[in-house]
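S.K.: This is the structure I want to talk about, given as structure tokens.
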Amino acid sequence: MSQEYFPLEPLSVIEYVKRLDAVRDIFSTDEDLTAEEIGDGNLNLVFKIRAKADPKRTVVVKQSLPYMRLVGDEWPLPIERARIEAQALQIEARLCPEHTPHVYHFDPVMYAIVMQNLDNHIIMRKGLSAGIQYPHFADHIGKFLAKTLGYTSDLILDYRTKKEQVGR
Numbered sequence: 013m014s015q016e017y018f019p020l021e022p023l024s025v026i027e028y029v030k031r032l033d034a035v036r037d038i039f040s041t042d043e044d045l046t047a048e049e050i051g052d053g054n055l056n057l058v059f060k061i062r063a064k065a066d067p068k069r070t071v072v073v074k075q076s077l078p079y080m081r082l083v084g085d086e087w088p089l090p091i092e093r094a095r096i097e098a099q100a101l102q103i104e105a106r107l108c109p110e111h112t113p114h115v116y117h118f119d120p121v122m123y124a125i126v127m128q129n130l131d132n133h134i135i136m137r138k139g140l141s142a143g144i145q146y147p148h149f150a151d152h153i154g155k156f157l158a159k160t161l162g163y164t165s166d167l168i169l170d171y172r173t174k175k176e177q178v179g180r
């Protein structure tokens, strides 16, 4: 882990996002933004960033922590998991963009992923508990799994490409 890495906080994540060219289509460098920590887990910091003038313009920043939050440094975790997640999302987006959140940026120093905010969707677990039916779920998940698992499998990839991808 680089000495330049530090855990983001609501104020620092706003400055961080403002410096990213990858989100220039969403936010300007001098725009007034808000940050809300939305993660409730022990493994990552997750922030929702919004433009004050137009709250529909938004991204999510997810940063890996090198330890479990609840315990601290005594329970180290591999911070590389953010890179692996970002690469997986980019592959999934290439193969099945209609069912994958867009990754705007991955930072290999800060281990942060800046991605599309999906808060206009209901977490399926909550929807099912509320009695919502998802008539297209089987079709959507079937297509997603077929494309992402099929096109990354030994059945379709030649062995050199597969070996290269596994090595990443």
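Taking the numbering used here, the leading residue of the sequence shown gets 13, the next gets one more, and so forth.
All C-beta atoms in this analysis are idealised placements derived from N, C-alpha and C, irrespective of residue type, glycine included.
Fair warning: this is a prediction, and the values are worked out from it, not measured in the lab.
Tell me the rounded alpha-carbon separation between Phe149 and Thr160.
M.R.: Distance between the alpha carbons of Phe149 and Thr160 is about 16 Å.
S.K.: Can you tell me where the alpha helix (DSSP H) with Phe156 in it begins and where it stops?
M.R.: Segment Phe149 to Gly162, the alpha helix (DSSP H) holding Phe156.
S.K.: Taking the beta strand (DSSP E) that Ser76 falls in, what are its first and last residues?
M.R.: Unbroken beta strand (DSSP E) run through Ser76: Thr70 to Ser76.
S.K.: Who are the near neighbours of Lys74 in its chain, counting only those whose CB is closer than 6 Å to its CB and skipping five residues on each side?
M.R.: Cβ within range, chain order: Asn56, Val58 and Ile125.
S.K.: Throw me the rounded Cβ distance for the Leu45 and Ile61 pair, which I believe falls under 8 Å.
M.R.: Indeed they touch by this definition, with Cβ atoms about 6 Å apart.
S.K.: Less than 8 Å between the CB atoms is what I'm expecting for Leu77 and Pro19, so what's the real figure, rounded?
M.R.: 6 Å between Cβ atoms; contact.
S.K.: Runs of 4 residues minimum, wholly inside the segment 112-153: which ones carry the alpha helix (DSSP H) assignment?
M.R.: As far as the segment 112-153 is concerned, its whole alpha helix (DSSP H) runs of at least 4 residues are 136-141.
S.K.: Would the segment 27-38 and the segment 97-105 be scored as touching if the rule is three or more Cβ pairs under 8 Å?
M.R.: These segments do not touch.
S.K.: Check whether the Cβ atoms of Met122 and Glu43 sit closer than 9 Å, and answer yes or no.
M.R.: No; because the gap between Cβ atoms is not below 9 Å, this pair is not in contact.
S.K.: Taking the alpha carbon of Asp119 as the reference point, which residue from Ile135, Gly162 and Ile91 has its own alpha carbon closest?
M.R.: The option with the nearest alpha carbon to Asp119 is Ile91.
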